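Before any comments, here is the structure.
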Amino acid sequence: MKDAADIHEIMKEIGANARAAAAELAFASPVAKAGALNGAADAILARASGIIAANEKDMAYGREKGLSPAMMDRLMLDDARIEGIADSLRAVAAQDDPV
Numbered sequence: 010m011k012d013a014a015d016i017h018e019i020m021k022e023i024g025a026n027a028r029a030a031a032a033e034l035a036f037a038s039p040v041a042k043a044g045a046l047n048g049a050a051d052a053i054l055a056r057a058s059g060i061i062a063a064n065e066k067d068m069a070y071g072r073e074k075g076l077s078p079a080m081m082d083r084l085m086l087d088d089a090r091i092e093g094i095a096d097s098l099r100a101v102a103a104q105d106d107p108v
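The opening position of the sequence shown corresponds to residue 10 in the numbering used here, with each subsequent residue numbered one higher.
So, in structure tokens, the structure goes:
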């Protein structure tokens, strides 16, 4: 597990990247928005095994820290849940003007 300083820097970088992407998407055409959402769905599915492996580490850490069974269930990812996330992204992309 990374130490708190590393996590803070990683989260700052993720946040900055998300803000930059949001600013671009805010003025993007519906076709571009749908493309971005479908691309995100494709990327999630392509990286499912890595996402699940990382989630298993997170789950072990959660058990170690005593998270409740309900919280652990909400955090758990498997192939079906990852497919559900991708399907949800595709459903938003299919709207007339997503996001």
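Backbone N, C-alpha and C fix where the C-beta goes; we use that ideal spot for every residue, glycine too. Computed from a prediction, not measured in an experiment: that's the story for all the values here.
- Take residue 42, set aside five residues on each side of it, and the residues of its chain with a beta-carbon closer than 8 Å to its own are 34, 102, 106, 107 and 108, in chain order.
- Rounded to whole angstroms, the gap between the alpha carbons of residue 55 and residue 75 is 31 Å.
- For residue 98, the number of other beta carbons within 10 angstroms of its own is at least 16, and it is reported as buried.
- When DSSP states are grouped into helix, strand and coil, residue 101 belongs to the helix group.
- When DSSP states are grouped into helix, strand and coil, residue 66 belongs to the helix group.
- Spanning the alpha carbons of residue 51 and residue 77 requires a straight line of approximately 32 Å.
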